[in-house]
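Take a look at the structure set out below.
Protein chains: 2
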Amino acid sequence: MAITDYFIRYLQRRDTLSAEDLSRLRALRTENETFAPGEVIVPVDRIAQRSCMMLRGLSARSHQLVGRPEERVITALHVPGDFVDLHGFVLAGLEHSVVAVGPVEVEFVSHDQLIDITENFPHLTRLLWMATLIDAAVHRQWLVAAASLRSSAHLAHLLCEIYTRLNAVGAAGDHRFSLPLLQRELADILGYSPIHVNRAVRDLRDRGMITWSGADVKILDWTGLSGLARFDATYLDMEQMSR
Amino acid sequence: MAITDYFIRYLQRRDTLSAEDLSRLRALRTENETFAPGEVIVPVDRIAQRSCMMLRGLSARSHQLVGRPEERVITALHVPGDFVDLHGFVLAGLEHSVVAVGPVEVEFVSHDQLIDITENFPHLTRLLWMATLIDAAVHRQWLVAAASLRSSAHLAHLLCEIYTRLNAVGAAGDHRFSLPLLQRELADILGYSPIHVNRAVRDLRDRGMITWSGADVKILDWTGLSGLARFDATYLDMEQMSR
DNA sequence: AAGAAAGACTAACATTCATTAATCGCAGGC
DNA sequence: GCCTGCGATTAATGAATGTTAGTCTTTCTT
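Written out as structure tokens, the structure is:
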């Protein structure tokens, strides 16, 4: 997989890239880096000079709670092809950090190249914009899930979403995928205690919907799992459209 | 207040607008419309040809739950100056509707004018992008609040945020504001039952932190309320910065 | 092979929140 | 001035989730 190809595939799934758009993307100079589980990929609060695309593994946006330094909330997960902190290009510093979940490989793109794109490639700019808007749509869906689903269904929704996103970039198939999340980290995502997450995992297992051993997840009953979660993938905006 | 002036103030609070940017914004042709409480301003699912800016009142992004038509979740509130469904310009249809909360006045801007801006005004384009990214930051903060705060503190966080945003555009002051939300609608926002919302409101009242009668909210103890909510307004990204 | 550490898992109990069913209070219609 | 409807409020009960305190595997270390 050559540089930025995952992200190009991400875009091409949703719009047609012109020859100029494509060659501009292919001409991006990037810095490749790897991170061990738990390492900070993008620190909180600092105004960065670059943003990173996921190449391999899983990363998370982690919010430290004020006054409770040992607690955190995870507000997003990122799979290969995601332009993780693209929003850091426009905002005045991020209010969260990005950390590696499991081993991670990313590519950094300098912001001066993004400035060039926004100055000279309006269609490509709208597609970058779109990528951040899809992230926002995922945020909204997490809010809907948090407000309307109980523990097992809430967990089921997360599994359906992650599988759909991994599958969309070819990083999962046959209803199997690798999810190197600890139950403690799942708790930070879902807003439950680790013990309650354990109950939810056991419930989905007892219903025969999934197996989960180590980092290996297999969805045995997609219909049942997605029905329980009332999962509808349209919010991931994976339709072709001219933008 | 002339056309789009609220939104111009919203942008100027965060960056410097060049004379060209300003005149382009002032040249926007808009359609002014008013809505009664509960009316749909932007319907779900349809690919729109225009997006709307809030001029007066309060509106909400409302997600209908699949299979439960009487239930909904509100994932965002919008105050004057907000470019409510700007994301509809780039996404392939919205997965939520926008409804009026109390009486509302908005201005619609056609998407062909937004195309023109993205083709010819790169700095202004980045500012429009920024507006949608601030919405996303608010989504994330709501996720953090939902995961880490119990009922009273969660409600307190919402009140702190709305007051801060209203105050930033001059639509509130002296720790007073109008919030025409029913407790049932608050429940759709916070993910609680209406009864539990009532308990939270009573709790904040009993602590002497707020009064709330009809649509009139007064924060009596800002320090206490924002401390309870662990509210930190930096996520609203209200700092001046060149983007 | 023994020990240690980390994560998964379980049980018992406490707290938070949902549900159901009423009552209360206010505003509008007649 | 009374009725009516809607929303706010309260109480009682049960379900969902948190907390504390462990045990059980597995894996790594020595």
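Order-wise, the sequence lines are chains W and U.
Under the numbering used here, the very last position in the first sequence is 326; numbers go up by exactly one each time.
Under the numbering used here, the very last position in the second sequence is 326; numbers go up by exactly one each time.
Where is the CB? At the ideal position from N, CA and C, for every residue including glycine.
- Between the beta-carbon of Asp-271 of chain W and that of Ile-200 of chain W there is about 34 Å, and that puts the pair past the 8 Å contact cut.
- Rounded to whole angstroms, the gap between the alpha carbons of Asp-218 of chain W and Asp-257 of chain W is 25 Å.
- U:Gln-224 is the residue among U:Gln-224, U:Arg-97, U:Arg-92 and U:Thr-113 whose C-alpha sits nearest the C-alpha of Ala-159 of chain U.
- Taking a beta-carbon distance threshold of 8 Å, Gly-164 of chain W does not count as an interface residue toward chain U.
- DSSP links Gly-256 of chain W through a beta bridge to W:Arg-259.
- If you check the CB distance, Leu-287 of chain U and Leu-238 of chain U come in under 8 Å.
- Residue ranges of uninterrupted alpha helix (DSSP H) with 4 or more members, entirely inside the stretch 161-203 of chain U and ordered along the chain, are 194-203.
- Secondary structure of Gln-266 of chain U (DSSP, three-state): helix.
- For Ile-278 of chain W, the number of other beta carbons within 10 angstroms of its own is below 16, and it is reported as exposed.
- Nearest CB-CB separation between Arg-313 of chain U and chain W: below the 8 Å threshold.
- From the listed residues W:Ile-124, W:Ala-131 and W:Gln-147, the smallest Cα separation to Met-137 of chain W is found for W:Ile-124.
- Scanning the stretch 89-172 of chain W for uninterrupted beta strand (DSSP E) segments of 3 residues or longer gives 113-118, 123-125, 133-148 and 151-161, listed from N- to C-terminal end.
- Our two residues, His-170 of chain W and Leu-216 of chain U, have alpha carbons roughly 7 Å apart in a direct line.
- Using a CB distance cut-off of 8 Å, Trp-212 of chain U counts as an interface residue toward chain W.
- Across the set W:Pro-205, W:His-206, W:His-240 and W:Thr-208, the C-alpha of W:His-240 shows the shortest separation from the C-alpha of His-222 of chain W.
- Around Met-321 of chain W, the same chain offers Arg-96, Arg-97 and Ala-251 as residues with beta carbons nearer than 7 Å, after the five sequence neighbours per side are excluded.
- Contact fails between the stretch 177-188 of chain W and the stretch 175-188 of chain U, because fewer than three Cβ pairs, one in each stretch, are under 8 Å apart.
- Around the Cβ of Ile-302 of chain W, a 10 Å sphere holds 16 or more other Cβ atoms; the residue is buried.
- Not flagged as an interface residue toward chain W: Ser-180 of chain U, since no C-beta distance is shorter than 8 Å.
- In the structure shown, Asp-218 of chain U adopts helical secondary structure according to DSSP, grouped into three states.
- Annotated as distal: Asp-88 of chain W and Val-149 of chain U, with beta-carbon spacing of 8 Å or more.
- A Cβ-Cβ contact shorter than 8 Å links Ser-261 of chain U with Ala-298 of chain U.
- Listed along chain W are Ser-231, each with a C-beta nearer than 8 Å to that of Glu-154 of chain U.
- Residue-level contact by beta carbon holds for Pro-205 of chain W and chain U, with a gap shorter than 8 Å.
- Within the same chain, Phe-204, His-206 and Leu-207 come within 7 Å of Asp-104 of chain W by CB-CB distance, once the 5 residues on both sides are set aside.
- In terms of Cβ geometry, Pro-186 of chain W and Ala-254 of chain W do not form a close pair [threshold 8 Å].
- Residue-level contact by beta carbon fails for His-279 of chain W and chain U, as no gap is shorter than 8 Å.
- Per DSSP, Asp-286 of chain W is one residue of the alpha helix (DSSP H) stretching across 277-289.
- With a 10 Å radius around the Cβ and a threshold of 16 neighbouring Cβ atoms, Ser-101 of chain U comes out exposed.
- Scanning its chain for C-beta atoms nearer than 6 Å, with the 5 sequence neighbours on each side dropped, one finds around Ala-228 of chain W the residues His-237 and His-240, in chain order.
- Among the residues facing chain W, His-240 of chain U is not included, as its CB has no counterpart in that chain under 8 Å away.
- Taking a beta-carbon distance threshold of 8 Å, Arg-290 of chain U does not count as an interface residue toward chain W.
- Considering only beta carbons, the part of the stretch 258-278 of chain W lying closer than 7 Å to chain U consists of Gly-274, in chain order.
- By the neighbour-count criterion, in which 16 or more other beta carbons inside 10 Å mark a residue as buried, Gly-121 of chain W falls on the exposed side.
- The residues Leu-273, Tyr-275, His-279, Val-280, Arg-282, Ala-283 and Asp-286, in chain order, have a CB closer than 8 Å to that of Ser-234 of chain W in the same chain once the five nearest residues on each side in sequence are set aside.
- Residue pairing by DSSP places Val-227 of chain W opposite no residue, since no beta bridge is assigned to it.
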